[in-house]
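Letter by letter, the sequence shown follows residues 0 to 184 in numbering that gives the first Met the number 0.
Cβ coordinates follow ideal geometry from the N, Cα and C atoms, glycine included.
Just so you know, these numbers come straight off a predicted model, no measurement behind them.
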Amino acid sequence: MPSFYLSLTGLRIGELLALKVSDFDEEKKTISVKKSLCRWVCKNYILGPPKNKSSVRAVTIGEIVIKAIKGQLAWRENKINNGELQHDADFIFWSLKFPGYPACYSRYQKRFEKILKDCGLPDNLTSHSLRHTHVSLLAEAKEELAVIQERLGHKNDEITKTIYLHITEQQRKLVPDRFEQVMNS
0 MPSFYLSLTG
10 LRIGELLALK
20 VSDFDEEKKT
30 ISVKKSLCRW
40 VCKNYILGPP
50 KNKSSVRAVT
60 IGEIVIKAIK
70 GQLAWRENKI
80 NNGELQHDAD
90 FIFWSLKFPG
100 YPACYSRYQK
110 RFEKILKDCG
120 LPDNLTSHSL
130 RHTHVSLLAE
140 AKEELAVIQE
150 RLGHKNDEIT
160 KTIYLHITEQ
170 QRKLVPDRFE
180 QVMNS
């Protein structure tokens, strides 16, 4: 399930796994990124700051993500009501083995690798690849660089341009049509 959220938000995996219920604002349609899950071994985890100061941000989310988070929160509430809670730290995404503790990155990565294998996809893809995909789709949707930069929590647009914003094949194909449209206006 984290893959779904990573691809639709552009968050880093540590940022996603550190999200707490209080970071979700349905009314404002945002999730607040204020921390990152730095280490997780059994029941010992460390939360730290995000990668840099500009990584502290509010990421806007759409109805699909809101509905999914609400479903996740309902699942959590059911687990709590069934007495399965082992740790109450308000995390949105729980460890399946230790309910209430944050989901474990290494377990997630193992499941991710299995899905890649089952689907015949390259095994060099990681959760961070979903961040790249998110940015590529935003670029294809003609989102402004400054908006993408802020969404990703980058300090400057050079990082965004250099690492993420490669021009998609679809965008290259549209250049002549867009140019002619401007010329004919």
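### Opposing strand residues paired with glycine 47 [DSSP bridges]
Position 48 of the sequence shown, counted from the start, is the residue given in the question as residue 47. Glycine 47 pairs with Ser35.
### Message
Quick check: the region 58-75 against the region 39-46, are at least 3 beta-carbon pairs closer than 8 Å?
### Response
The count of Cβ pairs closer than 8 Å, one atom from the region 39-46 and one from the region 58-75, stays below three, leaving the stretches out of contact.
### Query
What is the residue span of the beta strand (DSSP E) that arginine 130 lies within?
Walking along the sequence shown from the start, residue 130 turns up at place 131. Residue range 126-139 is occupied by the alpha helix (DSSP H) that includes arginine 130, with no beta strand (DSSP E) assigned at that position.
### Query
Run through DSSP, which three-state label would valine 146 get?
Walking along the sequence shown from the start, residue 146 turns up at place 147. In this structure, valine 146 counts as helix in the three-state DSSP scheme.
### Query
What's the gap between the Cα of serine 31 and the Cα of valine 174?
Position 32 of the sequence shown, counted from the first residue, corresponds to residue 31. Position 175 of the sequence shown, counted from the first residue, corresponds to residue 174. Rounded to whole angstroms, serine 31 to valine 174 spans 36 Å at the Cα level.
### Task
Check the DSSP bridge columns for lysine 172 and list the partner residues they point to.
For the purposes of this step, residue 172 is taken as the residue at position 173 of the sequence shown. DSSP lists no partner for lysine 172.
### Task
Would you tell me roughly how many angstroms separate the C-alpha atoms of leucine 120 and histidine 127, rounded to the nearest one?
The residue given as residue 120 occupies position 121 in the sequence shown. The residue given as residue 127 occupies position 128 in the sequence shown. Straight-line spacing of the CA atoms in leucine 120 and histidine 127 works out to 15 Å.
### Query
Roughly how many angstroms lie between the CA atoms of glycine 82 and proline 98, to the nearest whole one?
Within the sequence shown, the letter at position 83 stands for residue 82. Within the sequence shown, the letter at position 99 stands for residue 98. Answer to the nearest angstrom: the Cα atoms are 10 Å apart.
### Residues sharing a beta bridge with isoleucine 57, DSSP
Reading the sequence shown from its first residue, position 58 is the one you call residue 57. For the sequence presented, residue 57 should be read as alanine rather than isoleucine. Per DSSP, the beta bridge partners of alanine 57 are Ser31.
### Message
Distance check for leucine 137 and leucine 18, CA to CA, integer angstroms please.
### Response
On the sequence shown, residue 18 is found 19 positions in, with the first residue counted as 1. On the sequence shown, residue 137 is found 138 positions in, with the first residue counted as 1. Cα to Cα, the separation comes out at about 23 Å.
### Message
Assuming proline 1 is part of the alpha helix (DSSP H), what are its boundary residues?
### Response
Position 2 of the sequence shown, counted from the first residue, corresponds to residue 1. Per DSSP, the continuous alpha helix (DSSP H) segment holding proline 1 begins and ends at 1-8.
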